[in-house]
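Colleague:
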Amino acid sequence: MVVTAAFLPFSPAPRTTPDAGPCEPMDSVRVGQTTDEQLFERYRAGDTEAFRTLIERYHDDLYRFLYRLLGDRVAAEDVFQEAFLQVHVSAHSFDASRRFRPWLFTIAANKGRDYLRKKGRRQTMDLSAPVSGDDGSRGATFVDLMKIDTPSPDAGLDKQETDRLVQAALGRMSPTLREILLLAYFQRLSYAQIAEDLGIPLGTVKSRLHAAVASFAGHFERVSKEAGLGPGGEDVFRSDSR
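The letter at position 10 of the sequence shown is residue 10 when you use this note's numbering, and the numbering goes up by one with no holes.
Encoded structure:
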């Protein structure tokens, strides 16, 4: 997929403030040292190259997120573009004291949910992505929280079969529990950010996430048995409390 700022039929209107001068182009070294928030501020001040840089910076991560969420490459490309278009439309409302990444991924997740509701599709997730703690720090991955009991190295499943079983287990979960797993373990939102996104108390986030992990564990064990895995070859998942 090749997506650049060229696909967006707009450019930001420069903000007029007493101390705001024209934005000068940045060289590659300065771009690499510039934060997302600084780039977005430059875009809001009229620097279209800053927006192009943000698109390129998030090209791989956001596309992978949307592809795993939607299960369709074309849909992922479309929603990717819709997400950045929404970023432009909502640029004036961005709180500069907040981080850009969670805001972008929340917009993309909302666009993805809209697509899934229209198509009646199931959500997917990546179990290797780290979940963030209350302070936004990188924490354990979903797999870390699900203790895997494998008697021997050759008793494990290959990646393709594991992915198939994971998708089957996720497909049996309730949409509410499946969504919170996605937000926590792929989108890497902190508990506080999830609470804000879903409009629920922080305590509810923690209890619902615990229930989601337990639900996934049970469904994964059942689909593994249905796939014909014997006692010595099945992965038995158990959730840990945080």
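Positions of the beta carbon are idealized from the N, C-alpha and C atoms, including for glycine.
From a predicted model like this one, the values you see are computed outputs, not experimental measurements.
Taking Cβ positions, are Leu181 and Ala109 nearer each other than 9 Å?
Modeller: Residue mapping note: residue 181 aligns to position 181 of the sequence shown, counting from 1. Residue mapping note: residue 109 aligns to position 109 of the sequence shown, counting from 1. It is not a contact, given that the beta carbons lie outside the stated cut-off.
Colleague: Just how far apart, CA to CA, sit Leu54 and Met173?
Modeller: Here the question's residue 54 lines up with position 54 in the sequence shown. Here the question's residue 173 lines up with position 173 in the sequence shown. About 35 Å.
Colleague: Which residues in the same chain have their Cβ closer than 7 Å to the Cβ of Asp154, if we skip the five residues on either side of it in sequence?
Modeller: Translated into the one-based positions of the sequence shown, residue 154 becomes position 154. In this prediction, Asp154 has a pLDDT of 35, which is less than 50 and means its spatial position is unreliable; nothing more can be read from the coordinates.
Colleague: When the distance is taken between beta carbons, is Asp197 closer than 9 Å to Leu189?
Modeller: Indexing the sequence shown from 1 puts residue 189 at position 189. Indexing the sequence shown from 1 puts residue 197 at position 197. It is a contact, given that the beta carbons lie within the stated cut-off.
Colleague: Using the C-alpha atoms, what's the distance from Leu202 back to Asp135?
Modeller: What you label residue 135 is simply residue 135 of the sequence shown in a count that begins at 1. What you label residue 202 is simply residue 202 of the sequence shown in a count that begins at 1. For Asp135, the predicted structure reports a pLDDT of 48, less than 50, and the residue's modelled location is therefore unreliable. A value from the coordinates is still provided. So the two alpha carbons sit approximately 13 Å from each other.
Colleague: Compute the beta-carbon to beta-carbon distance between Ala83 and Lys111, rounded to the nearest angstrom, for a pair I have assumed lies under 8 Å.
Modeller: Residue numbering aside, residue 83 sits at position 83 when the sequence shown is read from its first letter. Residue numbering aside, residue 111 sits at position 111 when the sequence shown is read from its first letter. Correct: roughly 5 Å between the Cβ atoms.
Colleague: Tell me which residue opens and which closes the alpha helix (DSSP H) that Asp251 is part of.
Modeller: The structure shown does not extend to residue 251, since the chain is modelled only from 1 to 242, so the question has no answer here.
Colleague: Kindly indicate which residue of Leu39, Arg117, Asp78, Glu49 has the alpha-carbon position closest to the one of Arg99.
Modeller: Against the sequence shown, residue 99 aligns to sequence position 99. When each option's Cα is compared against that of Arg99, the closest is Leu39.
Colleague: Excluding the five sequence neighbours on either side, which residues of its own chain have a C-beta within less than 8 Å of the C-beta of Leu62, listed in chain order?
Modeller: As a working note, residue 62 is residue 62 in the sequence shown. Once the five neighbours on either side are set aside, the close Cβ partners of Leu62 are Phe80, Ala83, Leu104, Phe105, Ala108.
Colleague: Determine the closest residue to Ala178 out of Ala227, Asp60, Leu116, with distance taken between C-alpha atoms.
Modeller: In the sequence shown, residue 178 corresponds to position 178, counting from 1. The residue you asked about is not Ala; residue 178 is Arg in the sequence shown. Checking every option, the nearest Cα to that of Arg178 belongs to Leu116.
Colleague: Taking the Cβ atom as the reference point for each residue, do Tyr58 and Ala50 lie within a distance shorter than 9 Å?
Modeller: Taking the sequence shown and counting its residues from 1, the one referred to as residue 58 is at position 58. Taking the sequence shown and counting its residues from 1, the one referred to as residue 50 is at position 50. Contact flag unset, no.
Colleague: I think Val166 touches Phe220, with their Cβ atoms under 8 Å apart; what is that distance to the nearest whole Å?
Modeller: Mapped onto the sequence shown, residue 166 falls at position 166. Mapped onto the sequence shown, residue 220 falls at position 220. About 7 Å; that satisfies the 8 Å criterion.
Colleague: At a cut-off of 8 Å, is Arg172 close to the ligand SAH when judged by its beta-carbon and the heavy atoms of the ligand?
Modeller: As for the ligand SAH, it is missing from this structure, which has no ligand bound.
Colleague: Leaving aside the five residues before and after Ile194 along the sequence, list all residues of the same chain whose C-beta is less than 7 Å from its C-beta, in chain order.
Modeller: Translated into positions along the sequence shown, residue 194 becomes position 194. Correct list, in chain order: Ile180, Leu183, Ala184, Val205.
Colleague: Do Phe216 and Ala168 have their beta-carbon atoms positioned less than 9 Å apart in this structure?
Modeller: Taking the sequence shown and counting its residues from 1, the one referred to as residue 168 is at position 168. Taking the sequence shown and counting its residues from 1, the one referred to as residue 216 is at position 216. No; because the gap between Cβ atoms is not below 9 Å, this pair is not in contact.
Colleague: Could you check where the alpha helix (DSSP H) with Ser215 kicks off and where it finishes?
Modeller: Here residue 215 refers to the residue found at position 215 of the sequence shown. Element bounds for Ser215: 202 to 226.
Colleague: Around the Cβ of Ala76, are there at least 16 other Cβ atoms within 10 angstroms (buried) or fewer (exposed)?
Modeller: Locating residue 76 in the sequence shown gives position 76, where the first residue counts as 1. So Ala76 ends up on the buried side.
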